[in-house]
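Have a look at the structure below before the remarks.
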Amino acid sequence: MKYLGNGTSKIYETLANRWIGDFEELLDLDFFPHFVVENIKNEKQGLWRYFSSLPLANEEEKVSLGEMITPISTLKLPNQREILVKQDQLFPTGSYKDRGAAVLISFLKELGVREVIQDSSGNAGASIAAYAASANIACTIYLPQETSPSKILQMQAYGANIVKVKGSRQDTANAAKEAAKGLSYASHCYNPVFFQGTKTFAFEMAEQMHWDVPDALVLPAGNGTLLLGAYIGFKELLHSGAIQKMPQLFGVQTAACDPLTRAFNHLAPLAEGKATLAEGIAILNPIRAKQMIEAIENTQGSFVSVDEMQITETWKYLVQNGYYVEPTSAATIAGAAVIAQTLPLSWKIASVFTGHGLKSSDKIEKILHK
Ligand SMILES: *Cc1c(COP(=O)(O)O)cnc(C)c1O
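First residue of the sequence shown: 96, per my numbering; consecutive thereafter.
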């Protein structure tokens with residue numbers, strides 16, 4: 096297996112310290128498995144069912160915390176429209192990032208990696224810290240200073256070494272990249288293997304829907320780890336004939352920081368983001384923006400931005416219905432409600448709960464005690 100330089104067609108060995116090309120170009124993975132329904136391992140509960148579609152050699156060596164196939168529930172939106180919601184907040188560390196971390200840490204373990212660096216504003220860090228702990232791999236996480244205290248606590252609890260960086264999210268990423276020179280950078284956005292884990296979202300959803308797919312799938316759009324993963328997964332299913340059509344993909348951003356909605360609609364770029372409850376998707380410079388816009392365009396979807404009021408109202412509605420999720424997840428459902436209004440009533444619409452409410456008590460406190 097090799098890495099492919101995006102835009103340069105250069106080919107690189109999958110070395111432990113390789114996460115960007117020689118020309119600073121992004122890397123993709125040269126791996127396009129043919130999805131075979133008969134190869135699904137029915138005795139496995141979660142994403143390891145699809146082992147033959149994962150870029151891993153040794154199933155015995157995989158790093159697993161007992162992931163499950165996350166349930167899909169029907170949610171009636173405030174306007175009475177029903178959508179399907181895949182409950183990925185139920186993963187071991189409380190967010191879907193475990194899909195990516197499970198596969199990336201397993202991949203790095205196969206390469207013999209003993210130490211990883213990561214940067215994250217929360218959930219990706221918690222996932223990498225948990226799976227690294229399980230694999231006995233040392234882990235250092237660079238964080239922006241304003242990261243949710245409960246998320247920092249979770250990473251510390253897993254034994255990760257925490258480095259808080261003053262300044263913007265970009266400053267944190269830069270510090271991590273500097274530290275990662277020569278080491279293994281387990282980045283959820285740079286390392287293309289992370290998306291090989293998040294693509295299992297598409298496999299599970301299609302299998303749960305008996306190889307049908309939703310007409311529209313509404314996903315959060317920050318760095319695109321779920322959006323691009325789902326796109327890769329559905330493409331593999333389509334090319335191998337396991338499904339007959341591609342869902343239209345929609346990306347939800349927060350109006351406080353929505354570079355993709357702006358680029359998609361040919362509006363001027365943002366100079367900086369504002370504070371938001373939806374911390375998980377407030378990414379000013381998503382490095383895979385071009386790929387994300389392509390995924391949305393190729394499936395005839397679009398981007399939508401929701402404001403703080405919509406996020407707050409949707410979060411309250413979700414807890415009233417018993418779902419305790421992160422405000423970032425409420426933003427995605429608020430976006431799904433906006434998009435649903437533009438789609439035919441006969442369309443099957445699906446979305447996702449990305450993170451558990453227990454992760455962002457500080458943001459939830461702000462909503463409740465305002
Ligand atoms: C990471 C994350 C997102 C957004 O994912 P991106 O990969 O940045 O697009 C959404 N919700 C939660 C809870 C997250 O942790």
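C-beta atoms are modelled at their ideal positions from N, C-alpha and C, and glycine is treated no differently. A quick note: this is a predicted structure, and the numbers were derived from the prediction, not measured.
Please report the Cβ distance between residue i and residue j, rounded to the nearest whole angstrom; I am assuming they are in contact, meaning their Cβ atoms lie under 8 Å.
| i | j | result |
| --- | --- | --- |
| F345 | G324 | So it is not a contact: roughly 15 Å between Cβ atoms. |
| A384 | A358 | 6 Å |
| I444 | A425 | Between A425 and I444 the Cβ distance is about 17 Å, and since that is not below 8 Å, they are no contact. |
| F202 | P150 | 6 Å |
| N256 | T235 | 4 Å |
| M387 | L355 | 6 Å |
| L160 | A225 | 7 Å |
| A271 | I212 | 6 Å |
| T267 | L206 | That belief does not hold up - the Cβ atoms of T267 and L206 are roughly 25 Å apart, past 8 Å. |
| L248 | G220 | Incorrect: roughly 12 Å between the Cβ atoms, too far for contact. |
Using only CA atoms, which one of the options lies nearest to residue i?
| i | options | result |
| --- | --- | --- |
| K261 | E241, S279, T169 | E241 |
| P187 | P381, G207, Y253, L463 | Y253 |
| L142 | K192, D123, L122 | K192 |
| V180 | E155, L314, K204, N174 | L314 |
| E156 | L333, V399, K458, K204 | K204 |
| A435 | E120, G116, N174 | N174 |
| R144 | G368, E302, L362 | E302 |
| M250 | G189, K276, A275 | G189 |
| L332 | N153, M96, F130, N101 | F130 |
| A139 | L440, V158, E162 | The residue you asked about is not Ala; residue 139 is Lys in the sequence shown. That would be E162, whose Cα lies nearest to the Cα of K139. |
| V414 | L463, K369, F398, N393 | L463 |
| T371 | N360, T349, H361, V308 | T349 |
| K340 | N137, P309, E374, E210 | P309 |
| F398 | E374, I382, A431 | A431 |
| E177 | K369, W306, P381, P439 | P439 |
| A373 | E299, I459, E389 | I459 |
| E120 | A227, V158, C284, I200 | C284 |
| A390 | E367, P239, P342, V288 | P342 |
| R264 | Y419, N380, Y412, K465 | N380 |
| K465 | N416, K411, W306, Y418 | K411 |
| A196 | A227, N101, Q182, I135 | A227 |
| K461 | N416, G417, E403 | E403 |
Under 8 Å, do residue i and residue j count as touching if we go by C-beta distance?
| i | j | result |
| --- | --- | --- |
| T103 | F118 | yes |
| I378 | N318 | yes |
| V401 | V347 | yes |
| N218 | K246 | yes |
| G408 | H451 | Before going on, a small fix: residue 408 reads as Glu here, not Gly. No. |
| L312 | T449 | no |
| L185 | T169 | no |
| R194 | G292 | yes |
| S455 | S215 | no |
| A111 | V208 | yes |
| I382 | T423 | no |
| S148 | F289 | no |
Based on the DSSP secondary-structure assignment, which residues constitute the bridge partners of residue i?
| i | result |
| --- | --- |
| N256 | T235 |
| I47 | This structure does not reach residue 47, given that the chain is present from 96 up to 465, and the question cannot be answered. |
| H451 | V420 |
| V308 | DSSP lists no partner for V308. |
| T349 | C352, V401 |
| Q395 | Q395 is not bridged to any residue. |
| K97 | E108 |
| V313 | F345 |
| I382 | None; I382 has no bridge partner. |
| V211 | C234, S279 |
| S190 | G450 |
| A445 | L179, L312 |
Rounded to the nearest angstrom, what separates residue i and residue j at their Cα positions?
| i | j | result |
| --- | --- | --- |
| A281 | K171 | 38 Å |
| D123 | V198 | 15 Å |
| S229 | I223 | 10 Å |
| L453 | A316 | 21 Å |
| W442 | N153 | 41 Å |
| K294 | A363 | 31 Å |
| R113 | I232 | 17 Å |
| Q395 | T437 | 13 Å |
| D457 | K97 | 42 Å |
| I428 | E210 | 37 Å |
| S335 | K369 | 43 Å |
| H361 | E392 | 13 Å |
| F146 | V158 | 12 Å |
| M304 | I167 | 9 Å |
| K276 | G116 | 13 Å |
Determine, using beta carbons only, whether residue i comes closer than 8 Å to chain C.
| i | result |
| --- | --- |
| P364 | Chain labels in this structure do not include chain C; a single protein chain is all it has. |
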